[in-house]
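Peer 1: Input: one structure, supplied below.
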Amino acid sequence: MSQKISIYYVRHGQTYFNLKDYIQGQCDAPLTQKGLEVAKKLGEMVKHIPFQRAYSSDLRRAMETLDIILEKHTLEPTYSKLLRELNFGLYEGDIGTYFWRDMSQKYGFNLNYMSFMERYAYLYHPTDNPTGEKLDDFINRLKEAFQEIVEAATIDNHQDILVVGHGLAIHAILEAFGVHAPENSITNSSVSKIVYENHEFKVEYFGREEGPF
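Be aware that the sequence shown starts at 316, since it is given in my numbering, and climbs by one per residue.
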């Protein structure tokens, strides 16, 4: 019988950049008081899940969220650069309100005719934004992270895995596994559940703020 691995992929708690609508990417900001409180509430809601391994991005906001959730567990976390948010390059720290409107006008694409993630293919530009991350590179490193996670879980016969990451990273991996989550559906401290079985990833649910998990 094939082993079933459940991965609970949590978005980090609210940060000051989220609150101010700044583009965060791989720059970092601490959790707000609300972010701390909601992460603590989530920790209570998932304390019944017998997590056997816990991972997060190595960015502060994700590590801090993971540490709060793990207050109800006795696990040593693993922090991974592969789970980081998309690198926005020169746009990191910009105000996000009109960002995509301005980008669509600059590069001549229509936001109404693409999925939420497709627009991020325009982020990297060899002249305008050479330090931005290419969308394919972003998706591939997330796939690599998930492959490493399930390989380790398979070896150790682990069934329940906690992962804390970032909004766009969660959107990207959901799309890689066949689910196009609507914009704004992956809120801070929400949970998306991905199941690995028979060498295949399937999304059970996404963006869930309340149980059951």
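Each residue gets a CB set at the ideal place from its N, CA and C atoms; glycine is no exception.
All figures in this text were calculated on a predicted structure; none of them were measured in a lab.
So is Gly-493 buried or exposed if we call it buried at 16+ other beta carbons inside 10 Å?
Peer 2: Position 178 of the sequence shown, counted from the first residue, corresponds to residue 493. By the neighbour-count rule (16 or more Cβ atoms within 10 Å), Gly-493 is not buried but exposed.
Peer 1: Taking only three categories from DSSP, how would you classify Arg-456?
Peer 2: For this step, residue 456 is matched to residue 141 along the sequence shown. Note: Arg-456 maps to helix in three-state DSSP.
Peer 1: How far does the beta strand (DSSP E) with Leu-477 in it extend, from its first residue to its last?
Peer 2: In the sequence shown, the residue the question calls residue 477 occupies position 162. Segment 475-480, the beta strand (DSSP E) holding Leu-477.
Peer 1: In terms of DSSP beta bridges, what is Gly-515 paired with?
Peer 2: Numbered from its first residue, the sequence shown carries residue 515 at position 200. In the sequence on display, residue 515 carries Glu and not Gly. Answer by DSSP bridge pairing, in chain order: Glu-512.
Peer 1: Report the three-state DSSP secondary structure of Asn-402 (helix, strand or coil).
Peer 2: Residue mapping note: residue 402 aligns to position 87 of the sequence shown, counting from 1. Three-state result, Asn-402: coil.
Peer 1: Since I believe Gly-340 is in contact with Leu-398 (beta carbons under 8 Å), could you give me their beta-carbon distance rounded to a whole number of angstroms?
Peer 2: Residue 398 sits at position 83 when you count from the first residue of the sequence shown. Residue 340 sits at position 25 when you count from the first residue of the sequence shown. No, Leu-398 and Gly-340 are not in contact; Cβ-Cβ is about 14 Å, not under 8 Å.
Peer 1: Thinking C-alpha only, which one of Asn-455, Asp-452 and Phe-521 is nearest His-486?
Peer 2: Position 171 of the sequence shown holds residue 486. The residue with the shortest Cα to Cα distance from His-486 is Phe-521.
Peer 1: Can you say whether Tyr-324 is buried or exposed, counting buried as having 16 or more other CB atoms within 10 angstroms of its CB?
Peer 2: On the sequence shown, position 9 is the one that residue 324 refers to. Buried, since its Cβ has 16 or more Cβ neighbours within 10 Å.
Peer 1: Looking at Phe-332: is its Cβ nearer than 8 Å to the Cβ of Ile-476?
Peer 2: On the sequence shown, position 17 is the one that residue 332 refers to. On the sequence shown, position 161 is the one that residue 476 refers to. Result no, Cβ atoms of Phe-332 and Ile-476 do not sit closer than 8 Å.
Peer 1: Need the endpoints of the beta strand (DSSP E) that Arg-416 sits in, please.
Peer 2: What you label residue 416 is simply residue 101 of the sequence shown in a count that begins at 1. Premise fails: Arg-416 lies in the alpha helix (DSSP H), 414-422, not in any beta strand (DSSP E).
Peer 1: Assign Val-361 to one of three DSSP states: helix, strand, or coil.
Peer 2: What you label residue 361 is simply residue 46 of the sequence shown in a count that begins at 1. DSSP places Val-361 in coil when its eight states are reduced to three.
Peer 1: Determine whether the Cβ of Gln-367 lies closer than 8 Å to any Cβ atom of chain B.
Peer 2: Among the protein chains of the structure shown there is no chain B, as only one such chain exists.
Peer 1: Please identify the residue among Gly-526, Glu-498, Ile-470 and Gln-462 whose C-alpha is closest to the C-alpha of Val-510.
Peer 2: As a working mapping, residue 510 is identified with position 195 in the sequence shown. Among Gly-526, Glu-498, Ile-470 and Gln-462, the Cα nearest to that of Val-510 belongs to Gln-462.
Peer 1: So what's Ile-501 in DSSP terms, helix, strand or just coil?
Peer 2: Residue mapping note: residue 501 aligns to position 186 of the sequence shown, counting from 1. Residue state, collapsed to three classes: coil.
Peer 1: Please report the distance separating the alpha-carbon of Glu-400 from that of Leu-334.
Peer 2: Translated into the one-based positions of the sequence shown, residue 400 becomes position 85. Translated into the one-based positions of the sequence shown, residue 334 becomes position 19. For Glu-400 and Leu-334, the distance between alpha carbons rounds to 17 Å.
Peer 1: Which stretch, first to last residue, makes up the alpha helix (DSSP H) that contains Ala-377?
Peer 2: Here residue 377 is taken as the residue at index 62 of the sequence shown, counted from 1. Residues 375-384.
Peer 1: What separation, rounded to the nearest whole angstrom, lies between the Cα atoms of Thr-584 and Gln-474?
Peer 2: Because the chain spans 316 through 528 in this model, residue 584 falls outside it and cannot be assessed.
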